[in-house]
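Here is the structure we will look at.
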Amino acid sequence: MGDLRAQSPESGMPAEAARRGRPPSPLVDRTPLNGAAIDVGTRVGWMLRVSRLTAGEETRDDIGLRELVVALRKLGIAASESTLSRLEAGRVRSGALVDGYEQVLGLAPTSLRAPIEVLCRGTGQDPGRKPAPTTLAAVTAAVEPVLAGPVSGEQWLAFADVLSHPDVVALPEGLARTAIRPLASEVRRSVGIGMAARYEALSLLRCSRYGDIVLDIGLELLDQVPAPPLLDLARALGEQPSERLLTELSRRLDGTPSLLEGVVTALAQASTVNGLPSSAWEVLTEPVGRSYLESEPGSWRRANLAYLVRVLPAEQRHRVLARIGEPLPAPIRQPAEWTSSRRNIHHTAALDVARRITEEQGIPEQPVLARLLFEALYDPRMSREFPAVLMLSGLPFADSVVRHVAALHDDISDETTRTVAPWLLMRMRSPDAAPHVGDWVGPEPQGLVAALVLAHSGRPVPLDAVTPFLSPLPQYGVRALAALALAGNPVLGEIASGQHPSTDAETSATARWLLDDGPRVTP
50 MGDLRAQSPE SGMPAEAARR GRPPSPLVDR TPLNGAAIDV GTRVGWMLRV
100 SRLTAGEETR DDIGLRELVV ALRKLGIAAS ESTLSRLEAG RVRSGALVDG
150 YEQVLGLAPT SLRAPIEVLC RGTGQDPGRK PAPTTLAAVT AAVEPVLAGP
200 VSGEQWLAFA DVLSHPDVVA LPEGLARTAI RPLASEVRRS VGIGMAARYE
250 ALSLLRCSRY GDIVLDIGLE LLDQVPAPPL LDLARALGEQ PSERLLTELS
300 RRLDGTPSLL EGVVTALAQA STVNGLPSSA WEVLTEPVGR SYLESEPGSW
350 RRANLAYLVR VLPAEQRHRV LARIGEPLPA PIRQPAEWTS SRRNIHHTAA
400 LDVARRITEE QGIPEQPVLA RLLFEALYDP RMSREFPAVL MLSGLPFADS
450 VVRHVAALHD DISDETTRTV APWLLMRMRS PDAAPHVGDW VGPEPQGLVA
500 ALVLAHSGRP VPLDAVTPFL SPLPQYGVRA LAALALAGNP VLGEIASGQH
550 PSTDAETSAT ARWLLDDGPR VTP
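Structure below.
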């Protein structure tokens with residue numbers, strides 16, 4: 050039996066392709082880099098196809114479509130080669146087949162499903178989710194682990210599947226509130242693919258009959274003054290826009306820097322999903338304009354408010370800009386240009402990283418991989434960056450992505466790339482990233498990002514990488530404390546009790562909040 054990465058000596062094609070005739074053309078998302086829409090079908094199909102071609106050594110031997118049909122049939126999943134071909138071309142979607150791919154290819158549960166469903170929901174498309182079972186036994190199997198704890202990302206997603214089913218009322222309101230609150234906490238602390246699974250579970254619940262409970266819990270956590278930025282929780286709140294959501298968030302624009310980051314993230318996601326009439330957004334026009342004008346030029350607060358102005362619906366955006374009366378500051382990160390020309394150093398960098406990864410995996414060049422890298426590294430829009438990060442994190446070769454992004458940082462002189470590459474590794478929350486960031490640790494902001502990468506990996510965080518940022522807290526100090534909390538560093542206890550020399554009352558309060566919230570969660 051051949052290796053999918055083995056080459057046919059006559060053609061130079063992968064052995065499977067040589068046996069089966071002309072290989073399928075590489076999938077390409079041909080939408081403009083800065084366009085309003087992306088080719089969701091192509092991205093979903095690509096993730097499934099490239100996962101089949103690069104799954105682990107023990108499972109990928111000779112996994113062509115024909116072999117996959119047989120393996121799926123053994124799992125009770127019926128599909129023809131034609132169906133799988135159309136699935137991998139992005140022309141059909143099936144949650145049952147996505148689950149089957151994970152099982153046959155030996156991938157972590159939810160590693161494909163969660164990123165695909167997040168991508169589809171954010172673009173208003175149907176992911177073809179597999180209907181949750183509704184028998185008493187199935188509901189019991191999904192709910193009891195959550196009530197007993199601790200809960201894996203896969204279990205959280207099974208729980209959300211049942212509770213979000215329109216024909217199932219699995220829990221009364223009070224018990225649902227008690228059950229869901231730990232999920233709202235864990236989405237910040239989880240690492241690896243477990244983060245994507247928890248985010249998808251929380252989003253499903255937000256879009257279900259339990260949505261107001263999720264909103265209540267989310268607002269309560271965001272309002273806790275010592276808390277760090279709860280961006281993934283906030284983003285999940287925005288998955289279901291409502292007039293109540295917009296009104297509640299409009300009242301919080303003058304809150305702490307951490308709260309503001311959460312408000313902006315939630316509103317950005319709500320503007321992406323939207324579905325509300327333009328008039329519903331009017332509640333934000335006055336407070337956004339006022340908060341922007343009251344913010345300090347060049348400050349973190351103003352940068353966040355400028356982003357919020359950009360994502361408002363056109364009518365409200367024009368009114369706010371008229372009140373501001375001056376151009377918005379440039380985004381914190383953005384590419385040199387929005388073309389695929391070789392003159393665009395940032396698109397070229399993404400292409401080069403993708404090429405190195407595919408060469409290492411023994412597969413043809415993958416334009417979609419390059420596109421995802423470009424968006425995850427350089428695109429300032431959360432609606433592009435976040436789904437791209439999750440898809441990269443869910444790939445069977447995510448460790449290779451991490452390694453080559455780290456090498457990009459070390460090999461390139463472009464300052465933008467050297468800034469955004471560590472941030473991508475941090476956002477991927479990959480345990481595989483730690484060996485590549487040790488030399489980055491230090492008293493500069495990049496060193497703090499490296500400390501968070503180490504913390505996500507469960508590695509010790511050097512104190513000299515975080516103590517320079519502890520006071521004053523915004524915006525780096527809360528992240529320094531979060532790194533200590535995720536790593537389980539006992540120094541956090543000293544800070545919480547006020548015994549550490551580098552802290553003040555605010556820093557101690559945040560440290561106590563983090564200790565109460567808990568350490569990193571995996572899987």
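Numbering of the sequence shown is given in the numbering used here, commencing with residue 50 and proceeding in unit increments.
Note that the Cβ used here is the ideal one computed from N, Cα and C, for glycine as well.
Asked                                                                                                                      : Found
Reduced DSSP category for Val-486 - H, G, I as helix; E, B as strand; rest coil                                            : coil
Of the residues Ala-534, Arg-230, Leu-280, Val-240, the one placed nearest Tyr-259, counting alpha carbons only            : Arg-230
Pair within 8 angstroms by beta-carbon distance, Glu-345 and Arg-339                                                       : no
contact_flag[the stretch 312-328, the stretch 278-290] where n(CB pairs < 8 angstroms) is 3 or more                        : yes
Under the three-state DSSP convention, the category Ser-239 falls into                                                     : strand
Straight-line gap, Val-332 to Gly-94 (C-alpha atoms, nearest Å)                                                            : 40 angstroms
Rounded distance between the beta-carbons of Ala-529 and Phe-518, thought under 8 angstroms                                : 4 angstroms
Val-570 in three-state terms, based on DSSP                                                                                : strand
Three CB pairs or more closer than 8 angstroms across the stretch 136-153 and the stretch 225-243                          : no
Rounded straight-line distance, which links the Cα of Ser-131 to that of Ala-225                                           : 43 angstroms
Burial state of Arg-391, where buried means 16 or more other Cβ atoms lie within 10 Å                                      : exposed
Runs of beta strand (DSSP E) wholly within the stretch 305-361 (minimum 3 residues, chain order)                           : none
Span of the alpha helix (DSSP H), counted from its first residue to its last, around Thr-103                               : 89-103
Pairwise C-alpha distance: Asp-460 and Arg-200                                                                             : Before going further, note that residue 200 is Val rather than Arg in the sequence given. The alpha-carbon atoms of Val-200 and Asp-460 are separated by roughly 40 angstroms.
Where Arg-301 sits in the DSSP three-state scheme                                                                          : coil
Straight-line gap, Val-337 to Arg-368 (C-alpha atoms, nearest Å)                                                           : 10 angstroms
Collapsed DSSP secondary structure at Gln-410 in the structure displayed                                                   : helix
Supposed contact pair Pro-445 and Leu-156 - C-beta distance, whole angstroms, cut 8 angstroms                              : 6 angstroms
Range covered by the alpha helix (DSSP H) that runs through Ser-134                                                        : 130-137
Spatial neighbours of Glu-543 in its chain, beta-carbon cut-off 8 angstroms, leaving aside the 5 residues before and after : His-549
Inter-residue CB distance, Leu-136 and Leu-97 (contact presumed, cutoff 8 angstroms)                                       : 6 angstroms
Candidates Arg-140, Val-417, His-485, Ile-381: closest to Leu-441 by CA position                                           : Val-417
Buried or exposed by the 16-neighbour rule on C-beta atoms within 10 Å, applied to Arg-162                                 : buried
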